[in-house]
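Peer 1: Here the protein sequences line up with chains Y and D, keeping their order.
0 is the number of the first residue of the first sequence in numbering that gives the first Met the number 0; add one for each residue after it.
0 is the number of the first residue of the second sequence in numbering that gives the first Met the number 0; add one for each residue after it.
Supplied in structure tokens, the structure appears directly below.
There are 2 protein chains.
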Amino acid sequence: MDPARALALLWRIEQEPTRPSRGPRQGLTVDRIVRTAISIADAEGLGALSMRKVAEPLGVSAMSLYTYVPGRAELVNCMLDDVLGEAPSLRDADGWRAALERYARGGMDIARRHPWVPPLVSSRMLMGPNETAMWDGVLGALAGVGLDEREMLCVVHLVNGYVRGAAQQSADADHDVRRAGLSYDEWYEKTGPLLERMISAERFPDLTKVWRAGVFEEPGEGLGSDGGFEYGLQRVLDGIEERIARRAAERPAP
Amino acid sequence: MDPARALALLWRIEQEPTRPSRGPRQGLTVDRIVRTAISIADAEGLGALSMRKVAEPLGVSAMSLYTYVPGRAELVNCMLDDVLGEAPSLRDADGWRAALERYARGGMDIARRHPWVPPLVSSRMLMGPNETAMWDGVLGALAGVGLDEREMLCVVHLVNGYVRGAAQQSADADHDVRRAGLSYDEWYEKTGPLLERMISAERFPDLTKVWRAGVFEEPGEGLGSDGGFEYGLQRVLDGIEERIARRAAERPAP
DNA sequence: GTAAACTCTTTACAGCGTACGGAAACTCAT
DNA sequence: ATGAGTTTCCGTACGCTGTAAAGAGTTTAC
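See below:
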């Protein structure tokens, strides 16, 4: 994968000095291809995304796509940056905490709509325009709260890491069950007897206690309908808030 | 994928009432296969793990593996539970905070040794013995700090999510660069000119300001050699601590 | 009109997971 | 000892993947 070409594609810059003047016009656009690929990945997952599957609904052969996109990896890069454009603006947020809340929830919403996104975000080496705008937005929200640049970066990393982990966790819970083609009830019917034989109260006392409290029961795991995302987010923001307060106390009046 | 069989394999229970007495003995063990697969995944990544590649160093054909393991997915399940056995014990930790610190760092260590792990953890639907023990340990560390079962689960989810996200982020940074077969310097040499043309100070002022501070420079991103993991972990624990303190204040003396 | 340039297609290859059927090995009943 | 039963292991094959290579077809420049 040539990074320069991948980057140029992300920003939709033609690398060649002059556009081709000879030869037939292209019948497709990168955007059409990317959007088709996104809809396939949304429906069937990133693993089921193949060049042939993208080409078919566009009415071309798989190899035609290679005139628009260097390869599958670069296509996925473009897909990622495209959906990151759905992130909400933080411009008019009321303070850093509200901005980070909106940022995190926006990330979670994207993950819900596009379950294939969380494993991909934040490679950071190949940022497209939308990912760049996201970084600019969240760093702007953190500007002027008294953290230096290094600490701002750490904070964004923290929130990114949490959102990413939480999103994947909620997505994974369903994954196995769907692959088996079962309902949750059927799943527990099949695994329950074996599980209860293995997870004994003597060997795993603390887990058993929590299990018996019934909070594991529902798919949402009894953490609320969001799988505990909001709870964890508030704890993360609490931790950041304390740090900001401490920093403010260290350097009193400017 | 049959969940009952997958679970039985994870716990190494022979499902059939009696072991086969007739026929040749098996020349391999599930553990040998799992360990071979782990070493391949460690070296080349999970994507490069194929049944044929696992079979070859064991001196058998790919299809022989199917007498031990129902398929690739179940093998990966076993690999995951196996490496989760490397997690440190939390038994003699000094308080919940020290225990969670050790838990989080242990998870990060596993992720460093086995970069393919983070995307897999916490499907929760198919827990093996080691993953179960991890849950028991961390829930035990949180028992008696004044949180109810639901909130304990949220806290574990929070830490899990953070560790997972942070681990993947640090692993991803290198991913693209390695795939391109370049050094970091070569990478920036190739992408730098284009990047600087796109990421202008007018369009992305806040990002540019942080960029110019130089904290993006190193692979570790200037967040310390751990990529900001410790910083974020302390913020997460701060947030949890505040919550625990507030809970304690709500229900004063028991 | 012809040659160059470009798009799109066809074919092909190496690799994947694994279904299927057969060969070899081993145990047991006789 | 021998035949039957059972299991392990292997060879082959199928449909899938990304994409290299080469050819066919279309448009423009000269």
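All C-beta atoms in this analysis are idealised placements derived from N, C-alpha and C, irrespective of residue type, glycine included.
Over what stretch of residues does the alpha helix (DSSP H) that includes D:Tyr161 continue unbroken?
Peer 2: Along the second sequence, read from residue 1 onward, the residue named residue 161 of chain D stands at position 162. Where D:Tyr161 is concerned, the enclosing alpha helix (DSSP H) stretches over 148-179.
Peer 1: Taking the C-alpha atoms as reference points, what is the distance between D:Gly191 and D:Tyr183?
Peer 2: Taking the first residue of the second sequence as 1, we reach residue 191 of chain D at position 192. Taking the first residue of the second sequence as 1, we reach residue 183 of chain D at position 184. Each residue's alpha carbon lies about 11 Å from the other.
Peer 1: Relative to the C-alpha of Y:Tyr187, which candidate in D:Gly160, D:Leu125, D:Gly139, D:Glu201 has its C-alpha closest?
Peer 2: As a first step, residue 187 of chain Y must be located in the first sequence, where it is residue number 188. Per the Cα distances, D:Leu125.
Peer 1: Do three or more CB pairs link the region 234-245 of chain Y to the region 133-140 of chain Y at distances below 8 Å?
Peer 2: Short answer: they don't touch.
Peer 1: Which complete alpha helix (DSSP H) runs does the region 64-131 of chain Y hold, if anything under 4 residues is left out?
Peer 2: Entirely contained in the region 64-131 of chain Y, the alpha helix (DSSP H) runs reaching 4 residues are, in chain order, 71-83, 94-112.
Peer 1: Between D:Arg101 and D:Ala110, is the Cβ-Cβ spacing less than 9 Å?
Peer 2: Here the question's residue 101 of chain D lines up with position 102 in the second sequence. Here the question's residue 110 of chain D lines up with position 111 in the second sequence. No, Cβ-Cβ distance for D:Arg101 and D:Ala110 is not below 9 Å.
Peer 1: Alpha carbon to alpha carbon, how far is Y:Arg149 from Y:Gly58?
Peer 2: For the purposes of this step, residue 149 of chain Y is taken as residue 150 along the first sequence, with counting starting at 1. For the purposes of this step, residue 58 of chain Y is taken as residue 59 along the first sequence, with counting starting at 1. Between Y:Arg149 and Y:Gly58, the C-alpha separation is close to 49 Å.
Peer 1: Against Y:Pro23, what residues of chain D qualify as contacts under a CB-to-CB distance less than 8 Å, listed in chain order?
Peer 2: In the first sequence, the residue the question calls residue 23 of chain Y occupies position 24. The premise fails here: Y:Pro23 is roughly 28 Å from chain D at the closest Cβ pair, so nothing lies under 8 Å.
Peer 1: Can you give me the C-alpha to C-alpha distance between Y:Asp80 and Y:Gly127, rounded to a whole angstrom?
Peer 2: If you number the first sequence from 1, residue 80 of chain Y lands on position 81. If you number the first sequence from 1, residue 127 of chain Y lands on position 128. Distance between the alpha carbons of Y:Asp80 and Y:Gly127: 6 Å.
Peer 1: Report the neighbours of D:Leu193 on chain Y: residues whose CB is nearer than 7 Å to its CB, in chain order.
Peer 2: Within the second sequence, residue 193 of chain D is the residue found at index 194, counting from 1. Neighbours of D:Leu193 on chain Y, chain order: Ala3, Leu6, Ala7.
Peer 1: Using the Cα positions of Y:Ala247 and Y:Gly145, report the straight-line distance between them to the nearest angstrom.
Peer 2: Against the first sequence, residue 247 of chain Y aligns to sequence position 248. Against the first sequence, residue 145 of chain Y aligns to sequence position 146. Taking the straight line from one Cα to the other gives about 7 Å.
Peer 1: What is the DSSP secondary structure of D:Arg24, counted as helix, strand or coil?
Peer 2: Working through the second sequence from its first residue, we reach residue 24 of chain D at position 25. Residue state, collapsed to three classes: coil.
Peer 1: Suppose contacts are defined by Cβ-Cβ distances below 9 Å. Is D:Pro117 in contact with D:Arg104 by that definition?
Peer 2: One-based indexing of the second sequence puts residue 117 of chain D at position 118. One-based indexing of the second sequence puts residue 104 of chain D at position 105. Contact flag unset, no.
Peer 1: Are D:Ile37 and D:Val82 closer than 9 Å when you measure CB to CB?
Peer 2: Against the second sequence, residue 37 of chain D aligns to sequence position 38. Against the second sequence, residue 82 of chain D aligns to sequence position 83. Yes; because the gap between Cβ atoms is below 9 Å, this pair is in contact.
Peer 1: How long is the line joining the alpha carbons of D:Gly160 and D:Cys153, rounded to whole angstroms?
Peer 2: In the second sequence, residue 160 of chain D corresponds to position 161, counting from 1. In the second sequence, residue 153 of chain D corresponds to position 154, counting from 1. Cα-Cα distance, rounded: 10 Å.
Peer 1: Which residues in chain Y sit within 7 Å of D:Glu148, going by Cβ to Cβ distance?
Peer 2: Taking the first residue of the second sequence as position 1, residue 148 of chain D is located at position 149. Going along chain Y in sequence order, the residues near D:Glu148 (Cβ under 7 Å) are Val209, Ala212, Val214.
Peer 1: Could you name the residues of the same chain whose beta carbon sits closer than 8 Å to that of Y:His113, not counting the 5 residues immediately before and after it, in chain order?
Peer 2: Residue 113 of chain Y sits at position 114 when you count from the first residue of the first sequence. Excluding residues within five positions, the ones whose Cβ falls inside 8 Å are Ile37, Ala40, Asp41, Val82.
Peer 1: Excluding five sequence neighbours on each side, which residues of the same chain lie with their C-beta closer than 7 Å to the C-beta of D:Arg71?
Peer 2: Locating residue 71 of chain D in the second sequence gives position 72, counting from the first residue. Closer than 7 Å at Cβ, skipping near neighbours: Met50.
Peer 1: Please report the Cβ distance between Y:Thr131 and D:Phe215, rounded to the nearest whole angstrom; I am assuming they are in contact, meaning their Cβ atoms lie under 8 Å.
Peer 2: Counting from one through the first sequence, the residue named residue 131 of chain Y turns up at place 132. Counting from one through the second sequence, the residue named residue 215 of chain D turns up at place 216. Actually they do not touch by this definition, with Cβ atoms about 12 Å apart.
Peer 1: By DSSP, does Y:Ser38 sit in helix, in strand, or in coil?
Peer 2: Residue 38 of chain Y sits at position 39 when you count from the first residue of the first sequence. Here Y:Ser38 sits in helix by DSSP.
Peer 1: Just how far apart, CA to CA, sit Y:Arg242 and Y:Glu73?
Peer 2: Position 243 of the first sequence holds residue 242 of chain Y. Position 74 of the first sequence holds residue 73 of chain Y. Looking at the two C-alpha atoms, the distance is approximately 39 Å.
Peer 1: In the structure shown, what three-state DSSP assignment does Y:Met0 receive?
Peer 2: For the purposes of this step, residue 0 of chain Y is identified with residue 1 of the first sequence, where counting begins at 1. Looking at Y:Met0 - three-state DSSP - the assignment turns out to be coil, as it is neither helix nor strand.
Peer 1: Measuring only between beta-carbons, confirm whether Y:Arg246 sits less than 9 Å from chain D.
Peer 2: Here residue 246 of chain Y is taken as the residue at index 247 of the first sequence, counted from 1. No, no contact with chain D.
Peer 1: Quick one: Cα of Y:Val176 to Cα of D:Asp205, how far?
Peer 2: As a working mapping, residue 176 of chain Y is identified with position 177 in the first sequence. As a working mapping, residue 205 of chain D is identified with position 206 in the second sequence. Between Y:Val176 and D:Asp205, the C-alpha separation is close to 43 Å.
Peer 1: Closer than 8 Å, Cβ to Cβ, to anything on chain Y: give me those residues from the region 175-186 of chain D, in chain order.
Peer 2: Against chain Y - using a Cβ distance shorter than 8 Å - the residues of the region 175-186 of chain D are Asp175, Val176, Arg178, Ala179, Leu181, Trp186.
Peer 1: Taking the Cβ atom as the reference point for each residue, do D:Gln168 and D:Gly226 lie within a distance shorter than 9 Å?
Peer 2: Here residue 168 of chain D corresponds to residue number 169 of the second sequence, with the count starting at 1. Here residue 226 of chain D corresponds to residue number 227 of the second sequence, with the count starting at 1. Contact: yes.
Peer 1: Closer than 8 Å between beta carbons: that is the criterion. Which residues of the region 150-162 of chain Y meet it against chain D?
Peer 2: Those residues of the region 150-162 of chain Y that come within reach of chain D (Cβ to Cβ, closer than 8 Å) are Glu150, Met151, Leu152, Cys153, Val154, His156, Leu157, Asn159, Gly160, Tyr161, Val162.
Peer 1: With a threshold of 16 other CB atoms inside 10 Å of the CB of D:Ala61, please say whether the residue is buried or exposed.
Peer 2: As a working note, residue 61 of chain D is residue 62 in the second sequence. It counts as exposed.
Peer 1: Where does Y:Gly26 land, buried or exposed, given buried means 16+ other C-beta within 10 angstroms?
Peer 2: Translated into positions along the first sequence, residue 26 of chain Y becomes position 27. Its Cβ having fewer than 16 others within 10 Å, Y:Gly26 is exposed.
Peer 1: For the alpha helix (DSSP H) holding Y:Met62, just list the boundary residues, first then last.
Peer 2: On the first sequence, residue 62 of chain Y is found 63 positions in, with the first residue counted as 1. From DSSP, Y:Met62 is part of no alpha helix (DSSP H); its letter is neither H nor E.
Peer 1: To the nearest angstrom, report how far apart D:Ala142 and D:Met151 are at their CA atoms.
Peer 2: As a first step, residue 142 of chain D must be located in the second sequence, where it is residue number 143. As a first step, residue 151 of chain D must be located in the second sequence, where it is residue number 152. Cα-Cα distance, rounded: 8 Å.
Peer 1: Where does D:Pro23 land, buried or exposed, given buried means 16+ other C-beta within 10 angstroms?
Peer 2: Here residue 23 of chain D is taken as the residue at index 24 of the second sequence, counted from 1. Exposed, by the Cβ-count rule.
Peer 1: Which residues mark the beginning and the end of the alpha helix (DSSP H) in which Y:Leu275 is found?
Peer 2: Here chain Y has residues from 0 to 253 only, and residue 275 of chain Y is not among them.
Peer 1: Please decide whether D:Val235 counts as near chain Y, where near means a Cβ-Cβ distance under 9 Å.
Peer 2: Against the second sequence, residue 235 of chain D aligns to sequence position 236. Yes, because at least one Cβ of chain Y sits closer than 9 Å to the Cβ of D:Val235.
Peer 1: Between Y:Val162 and Y:Gly106, which are expected to be in contact by the criterion C-beta below 8 Å, what is the C-beta distance as a whole number of angstroms?
Peer 2: In the first sequence, counting from the first residue as 1, residue 162 of chain Y sits at position 163. In the first sequence, counting from the first residue as 1, residue 106 of chain Y sits at position 107. Their Cβ separation, rounded to whole angstroms, is 4 Å, which keeps Y:Val162 and Y:Gly106 in contact under 8 Å.
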